[in-house]
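**Q**
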Amino acid sequence: MMKLRMENNVKLAQTRASIALLAIAGLALAGCASGDRGGNAGGSEGAGSGTELLQTTPKAAAEADKVTWNSTYGELANLDPVKAFNYPENTIVANLCEPLFQMQPDFSVQPNLATESDTKDGIVWTLGIRDDVTFWDGSPMTVDDVVYSINRHLDPAEGSYWGGGVVANIASVENSGANEVTITLKTADYTLPSSLSTIIGVVVQQAQREAAGENYGNPDTGVMCTGPLQFTPGNWKQGQSITLDRYDGYWNADKKAQAKQVEIGFVVDPTAIANGLSTGEIQGSYDVPLPALGQLSSSSTGTLFAGQGMQDMAIISTGEGLFGDPAVRRALTRATDRQAIADTVYEGTGTVSRSVIPQSVWDAIPDVAEQRDEKLPDLSYDIEAAKAELEAADVDLSQPIKIAYPSERSFYADILNEMSNGAKELGITLEPTGVPSAQFGAFFSDPEARKGFDGFVTTNYLSAPDPLLHLISVAKTGSDQNYAKFSDAKVDAALDAAIGESDPQKRAELTVEAEALIMAAQPWVPINDLAVRMYMDNSITGAPASFVYLYYPWAADLGATA
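Below, the structure written as structure tokens:
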């Protein structure tokens, strides 16, 4: 039997470490591995030799009346959680609508609106549901609201962006008693609580959703949720900003919002972002644009933080042409100076990838470190080794490799040019090909858009802090991010064995076995693991530094430094 229980509210770490100055490729970054709302103090190495990546920043010393933040990737399209599948939407919805389980800044997963989970076979799961939670209108959250919210993903009429993968494995969701929900799966999945820490587990009020109809989630109607910050219709100024107010009736008094109001702007121009942050017009931002790092690193009015990430930059095979051959992909990985990319393109905020799973995620599972060292293939920069890999290729090496990137993002061209240099060393040709962003976006959903290309770039991230779930998404036959139509019976069997294993340690070991098989084929060619780039004005503090801001209520931690 597997059980996850929360006896009390999320445990608060008490430790606070002193600020550490980090020198990264000429970029002065500072941070604090302090206690936070549920995350342990500490960090992990990355983003440059000997550098500690952070999980948290110092806690707020006082409440703030208002904090101004920025959404680097622009304006959200909708507040409906089932339509939240990208940075602008998730970054805001995370503060409003809560999941049953919650990711913490240390990448652990803790009960939240659920009190516990219990399963005997990985198929039938019973969840305890809190009875002290209210929506912003003061009405109680019920078990029926929980059942309704999960079932929205199963209803084609709702158009959930989360309808594949984990959701497709759900057979039923039922109210099974006082403060209890039963989820029955089609096949065993012992990672379900991790998945329920994402949008899949978010709870909305059934009555407001049904009353809103097609206007649900828009600026005039909004949503009705339980989070520490609330949205009031009329507070979304389209094209400018969205304002969130503290919900004073929030169920968890220990985690109430430290700012009375948070305004999140939609500035996307790197120069405007840098100037806004430097002057204090904008007090903070995640995903600081690369062109802004130089200016902000020397700012006297704020600090750049490098946080533990779940993001990576990779090149995805379409399964076509020369790049469709695993031997060619392995050769190009070893012929590309990925350290140079980390140092120059990412200005020291990236590290050379060992896998499609960022290292920070595995750092939270230290018991398999030696196994990974033994099992994972060597991807280090080595031209002679790359030439040896290429000898196994079974394709015409004279044909060029066309890799697409969004033409507005010039740093991708720099990355691909570095790979092109490595390709020349091997006697093959790689052609970086820029396409408009609107066209490029279709690469992730429309096979027709990918026609004529051998691969395309991605800055991707894990939706949940579990390596297994991302490996399934990338490499299992028929999975949602398996754009190359990669299919390997051994890989599928290894992934199935891992997700059906109840013992966490054994599951981690089986996950490494699957990871090693996948990295031998590299349907995705990993380039760099990416640190979180966050800036905060000296007047505010508290936001988590790690990559949890898509599903964790980061804005509730923001407060004043004095």
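Take the sequence shown: its letters are residues -30 to -1, 1 to 532, numbered as in mature numbering (1 follows the signal peptide of the UniProt record, and there is no 0). C-beta: ideal position from N, C-alpha, C; glycine also.
1) Hey, is the stretch 385 to 396 in contact with the stretch 470 to 484, meaning 3+ C-beta pairs nearer than 8 Å?
2) So, with DSSP's three-state summary, where would you put A515?
3) Can you give me the C-alpha to C-alpha distance between W370 and T399, rounded to a whole angstrom?
4) List the residues that DSSP assigns as beta-bridge partners of G235.
5) Just mark G12 as buried or exposed, buried being the case when its beta carbon has 16 or more other beta carbons within 10 Å.
6) Let me check understanding here. Comparing Cα to Cα, which of P58, G470, A530 and D50 lies closest to V237?
7) Starting from the C-beta of G289, find all residues in its chain whose C-beta is less than 6 Å away, skip the five residues before and the five after it, and write them out in chain order.
8) Near S14, which residues of its chain fall below 8 Å by C-beta distance, leaving aside the five closest residues on each side in sequence?
9) Mapping the DSSP letters down to three states, classify G1 as helix, strand or coil.
10) Quick check on the burial criterion: 16 or more other C-beta atoms within 10 angstroms. Buried or exposed for N65?
11) Give the C-beta separation of T319 and A501 to the nearest angstrom, bearing in mind that I take them to be a contact with Cβ-Cβ under 8 Å.
12) Assuming S415 is part of the beta strand (DSSP E), what are its boundary residues?
13) Please report the distance separating the alpha-carbon of L70 from that of W524.
14) Which value, in whole angstroms, describes the spacing of the CA atoms of A339 and N149?
15) Less than 7 Å between C-beta atoms, sequence neighbours within five positions excluded: which residues of the same chain meet that for T168?
16) Considering only the beta carbon of each residue, do D215 and Q228 sit closer than 8 Å?
17) Check for me: the alpha helix (DSSP H) holding P261 runs from which residue to which?
18) Quick one: grab the DSSP three-state call for N145.
19) What is the DSSP secondary structure of L400, counted as helix, strand or coil?
20) Please work out which residues of its chain come closer than 6 Å, Cβ to Cβ, to residue 574, disregarding the five sequence neighbours upstream and downstream, and give them in chain order.
21) Between F517 and Q72, what straight-line distance do the alpha-carbon atoms span, to the nearest angstrom?
22) Go ahead and pull the three-state DSSP assignment for A227.
23) For S130 and S270, what's the separation of their Cα atoms in angstroms?
24) For Y519, is the classification buried or exposed, using 16 other Cβ atoms within 10 angstroms of its Cβ as the cut-off for buried?
25) Give the DSSP bridge partners of E150, in chain order.
26) For N121 and V143, what's the separation of their Cα atoms in angstroms?
27) Express the C-alpha separation of N139 and L155 in angstroms, rounding to a whole number.
28) Going along the chain, which residues of its own chain have a beta-carbon closer than 8 Å to the beta-carbon of V444, five neighbours each way excluded?
29) For A530, collect the residues of the same chain with a Cβ closer than 7 Å to its Cβ; drop the 5 residues on either side in sequence, then sort them by chain order.
30) So, using beta-carbon positions, are L438 and V37 closer together than 8 Å?
31) Should E344 be flagged as near chain B, meaning a C-beta pair shorter than 8 Å?
32) F275 and A515: beta carbons closer than 8 Å?
33) Measure the alpha-carbon distance for S255 versus G404 and round it to whole angstroms.
34) For G427, which residues in the same chain have their Cβ closer than 6 Å to its Cβ, ignoring the five residues on either side in sequence?
35) Any idea what DSSP makes of T89, helix, strand or coil?
36) Give the C-beta separation of K372 and G448 to the nearest angstrom, bearing in mind that I take them to be a contact with Cβ-Cβ under 8 Å.
**A** On the basis of the data shown:
1) no
2) coil
3) It is Pro, not Trp, that sits at residue 370 in the sequence shown. Near 5 Å, if we compare the C-alpha coordinates of T399 and P370.
4) N40 and S211
5) With a pLDDT of 33 at G12, under the threshold of 50, the predicted position of this residue should be treated as unreliable, though the coordinate-derived value follows. Its Cβ being crowded by 16 or more others within 10 Å, G12 is buried.
6) P58
7) A454 and K455
8) Because S14 carries a pLDDT of 47, less than 50, the predicted location of this residue cannot be relied on, and no value is offered for it.
9) Its pLDDT being 32, under 50, G1 is placed unreliably by the model, and the measurement read from it follows with that caveat. DSSP places G1 in strand when its eight states are reduced to three.
10) buried
11) 5 Å
12) Segment: none, S415 is in no beta strand (DSSP E) and carries neither H nor E.
13) 17 Å
14) 40 Å
15) P69, S433, A434 and Y521
16) no
17) Counting along the chain, P261 falls outside any alpha helix (DSSP H), and DSSP gives it neither H nor E.
18) strand
19) strand
20) Outside the modelled stretch of the chain, which goes from -30 to 532, sits residue 574, for which no answer is possible.
21) 13 Å
22) coil
23) 44 Å
24) buried
25) G98 and G147
26) 7 Å
27) 6 Å
28) V326, Q451, N452, I488, P493 and W494
29) A30, A31, A32, E33, A34, S509 and I510
30) no
31) Structure shown: chain B not included; a single protein chain is present.
32) yes
33) 28 Å
34) For the sequence presented, residue 427 should be read as Val rather than Gly. Same-chain partners within the cutoff: I285, Y375 and Y382.
35) strand
36) At roughly 25 Å, the Cβ-Cβ gap does not stay under 8 Å, so K372 and G448 are not in contact.
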